[in-house]
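First comes the structure, then the notes that go with it.
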């Protein structure tokens, strides 16, 4: 038995006791859900009313976790957490397998937003927001990407200008999932245009529902309207809602993105084991193969087998990298390996399911069972390689930060940000 | 390979690593190219003294593990073999020793003792010639005739078939499988060497032409060996996968080093984004291969219900992505990568034999699909 498995003498709950307690509560209070609750790639299947209902259900669920001592397993007790270890967190994930859980709160609320707050927030900020997050009262979004550039995050144009004890924000942020039902935004803004781009950024937090914040819902090619764009017009933020030092936002931002890539290995995130990623997994390939009537065709079996293979490799990889990061054996930049694997394999599994769907991928009706919608998923396939940082950026991180290869040459590093070219005409 | 080893495991692994670096450096491996056995008897005996063949054998039978989990310990050795494309019949001797320890009788003690000391080499005769070569397909006939068992059929490829003094043969008796230990010099046994891609591995076709063996040589029950055979296959897959990942690791490390040292157009290969991105993919496949290999090994050791799925996922993934990884290493080396002079091919060869034996990636994908299909209640 590992140290963490033994009953400790200092009053800290040991892993097995915690597991038993979690199991008892989960089995008598949570409903079992099919792994197929989420199907496909960002399918547009819920009405707004249903979506809002699901959000309030998940807030209540999170509150129930909190009230029963199962929220914030690795969060320090002074901020409402349990102060336990990643081994406890892992036990909770295992016990939750197959049960209902607040999926919408995991990303980005718990990671990266909560992780960033715990790492960089002031005592006052942490006391104000961390318990509220653990109770399901605050759902957070990242105000990070901008219309002017997705991967070049440090090239943010949203500007914050100081005005006494306040800051005035103007600009636009984009690709926030569900900002229309969320509460707070973690926002990267430019506070100095006269220094190189990484040295003129600052991080703020702001309530989303306030004067000056306009939330527009973006229609994706499949009709989904979960992604949003926000327009900030003279939004006033107290200086007390600044995270980290003025112009030192990139220190926060770098860690922010590490936490984003850490999603599946983060100690603050509670995703039950065997949860299919984004509704894409071998179970859907298998269902499509079965509903096509071709499940015994050798080439269809090969599609199912490949999807199953990729599914089975994912968790061991997440555990391996997660444990290596936790033990300090490798830097947390290695989380980009997981991001790259998950993105490319999810895209591949989407293709395999599409292949198994035959002509129904092009034209289907409700009687086609699991075949319905697989064509739309294929059109949306690259979402897995774009959302949460592109796989190209992950490849840069793996080659440069993990393997130590030379950094890409850039033209914006040592010049004032206002002189950086931003278009062919500049 | 596992990231976290106990100090005993780390010492055990280092001892074998040092021994192989000393006794089987690449120059020595190359010299074995035309050696009929592909390894020296003394080398193998010394390796056995280091524990290479005793990890899956019970203490009562003279074996023992390092950590309490002999199969996981053995993956450390197999990984070292892959890292160095090392010679020697690691997989077949361990599979046979484990089975003789599990279900062998008094008539098998001498062979088991010889395997433990390294003085005897035995091998497993499992796969059969095409078209009957699908994973798990066994047609070799084992018929009882009085106090004898009569064997008729063909096995291939049999690793170390030319140097093994004893053959653990898997055959069919009616609806069930039977295993028997056959002396390689028994009348009716014909061993014909095959050509192979590996520098030091040797494979044979072995024909059994009405070979008579006393029933005392049966290992386990006549017609009742199905589960034991399935377990042998799991062990073989675990060893093969760990070795294949070792070969991937060395090919990758060599190529990373090459990318830093090789300059074109005035800059290191490692500075080109087109190549950096391929290295990132390769690193991802490599870490995923380590992870699934170790997870499958632990599942087999624990007797987990998903052990077969994990073994097949590992074999299919490592086979497919490992081959792509090493071939991309060849590509990044350019012309030198396909010469005999360069060492890269030693690891490509080792990965290739590991990929192609005990079920190809396609066969393991099929097995995964069939398991998934049969687990799900029909709609």
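Protein chains in written order, with our numbering: chain X, 575 to 1000; chain R, 1103 to 1481.
Glycine included, each C-beta is placed from N, C-alpha and C at the ideal position.
Residue 1364/R at chain X interface by Cβ criterion, 7 angstroms
no
If I measure Cβ to Cβ from residue 766/X and keep anything under 6 angstroms in the same chain, skipping five residues before and after, which residues do I get?
774, 821
Is residue 1104/R helix, strand or coil when you go by DSSP?
coil
Terminal residues of the alpha helix (DSSP H) in which residue 705/X lies
697-708
Taking only three categories from DSSP, how would you classify residue 842/X?
coil
For residue 1475/R, count the other beta carbons within 10 Å of its own beta carbon; 16 or more makes it buried, fewer makes it exposed. Which is it?
buried
List the residues of chain R whose Cβ lies closer than 8 angstroms to the Cβ of residue 969/X, in chain order.
1378, 1379, 1382, 1383
Can you tell me whether residue 1224/R is helix, strand or coil according to DSSP?
strand
Along the chain, which unbroken stretches of the alpha helix (DSSP H) at least 4 residues long are found entirely within the region 595-649 of chain X?
622-641
In its own chain, which residues sit with a C-beta less than 6 angstroms from the C-beta of residue 1265/R, not counting the 5 before and 5 after it?
1139, 1223
Spell out a yes or no on whether the region 917-924 of chain X and the region 876-893 of chain X are touching, meaning 3 or more CB-CB pairs, one atom from each, closer than 8 angstroms.
yes
In three-state DSSP terms, what is residue 954/X?
coil
Taking Cβ positions only, does residue 1375/R come closer than 7 angstroms to chain X?
yes
Does the beta-carbon of residue 995/X have 16 or more other beta-carbons within 10 angstroms, so that it is buried, or is it exposed?
exposed
With residue 1143/R as the anchor, note down where its alpha helix (DSSP H) starts and where it stops.
1143-1151
Sorted by chain position, which residues of the same chain lie with C-beta nearer than 6 angstroms to residue 735/X's C-beta, five sequence neighbours on each side aside?
742
Decide if residue 606/X is buried, meaning its Cβ has at least 16 other Cβ atoms within 10 Å, or exposed.
exposed
Going by CA-CA distance only, name the one from 793/X, 596/X, 662/X, 699/X that's closest to residue 812/X.
699/X
Between residue 1317/R and residue 1250/R, which are expected to be in contact by the criterion C-beta below 8 angstroms, what is the C-beta distance as a whole number of angstroms?
7 angstroms
Output, in chain order, the set of chain X residues within a Cβ distance shorter than 7 angstroms of residue 1352/R.
Simply none; closest approach about 16 angstroms.
Quick one: residues in its chain with C-beta nearer than 7 angstroms to the C-beta of residue 660/X, no 5 flanking neighbours on either side, listed in chain order?
648, 841, 900
With 16 other Cβ atoms within 10 Å as the buried cut-off, status of residue 818/X:
buried
Under the assumption that residue 600/X contacts residue 670/X (Cβ atoms under 8 angstroms), give the Cβ distance between them as a whole number of angstroms.
6 angstroms
Three Cβ pairs or more, each shorter than 8 angstroms: is that satisfied between the region 1399-1419 of chain R and the region 1164-1181 of chain R?
yes
Any beta carbon from chain R within less than 7 angstroms of residue 667/X's own beta carbon?
no
Could you give the DSSP three-state label for residue 1168/R: helix, strand or coil?
coil
Spatial distance of residue 1276/R from residue 1329/R (CA atoms):
16 angstroms
Between the region 1230-1237 of chain R and the region 1197-1209 of chain R, do three or more beta carbon pairs fall short of 8 angstroms?
no
Since residue 1419/R sits in a beta bridge, which residues does DSSP pair it with?
None; residue 1419/R has no bridge partner.
Three CB pairs or more closer than 8 angstroms across the region 1369-1382 of chain R and the region 1418-1436 of chain R
yes
Does residue 1043/X get closer than 7 angstroms to chain R when you measure Cβ to Cβ?
Outside the shown range of chain X, which is 575 to 1000, sits residue 1043/X, and nothing can be said about it.
Within 10 Å of its beta-carbon, does residue 814/X have 16 or more other beta-carbons around it, so buried, or fewer, so exposed?
exposed
What are the residues that DSSP puts in a beta bridge with residue 778/X?
761/X, 816/X
What does residue 911/X reach in chain R if we use C-beta pairs closer than 7 angstroms?
1385, 1386, 1389
When you compare the CB of residue 846/X with every CB in chain R, is at least one pair closer than 7 angstroms?
no
Would you check if the region 1447-1456 of chain R and the region 1294-1302 of chain R touch, i.e. whether three or more CB-CB distances between them fall below 8 angstroms?
yes
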